[in-house]
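Novice:
Numbering (our numbering), first residue to last: 42 to 117.
Below you can see the structure in the form of structure tokens.
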């Protein structure tokens with residue numbers, strides 16, 4: 042049986058993908074201050090997932106520079 046957190050992660054990913062479907066690259070990079078651009082937010086979520094689900098859970102690092110690019114404190 043699949044762990045409930047994994048089921049929730051799959052659901053959250055599918056809903057997130059549905060929300061950004063059709064978003065152009067130009068729109069994803071557009072920053073409407075004071076918010077960060079959507080592309081940075083997507084990268085930040087990827088960095089968080091890598092931290093929780095890959096580094097902590099599996100002891101691996103798929104993209105070593107991801108946190109520097111879109112992690113906490115990085116430029117938007």
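Here a beta-carbon is modelled for each residue, glycine too, at the ideal position from N, C-alpha and C.
Being a predicted model, the structure only gives us computed values, none of them experimental.
When you compare only the Cα positions, how much space is there between residue 57 and residue 109?
Specialist: Between residue 57 and residue 109, the C-alpha separation is close to 23 angstroms.
Novice: Among 92, 101, 96, 100, which residue has its Cα nearest to the Cα of residue 112?
Specialist: 92
Novice: Give me the residue from 77, 49, 96 with the minimum Cα distance to residue 114.
Specialist: 77
Novice: Taking just the CA atoms, how far does residue 52 sit from residue 79?
Specialist: 20 angstroms
Novice: Can you say whether residue 100 is buried or exposed, counting buried as having 16 or more other CB atoms within 10 angstroms of its CB?
Specialist: exposed
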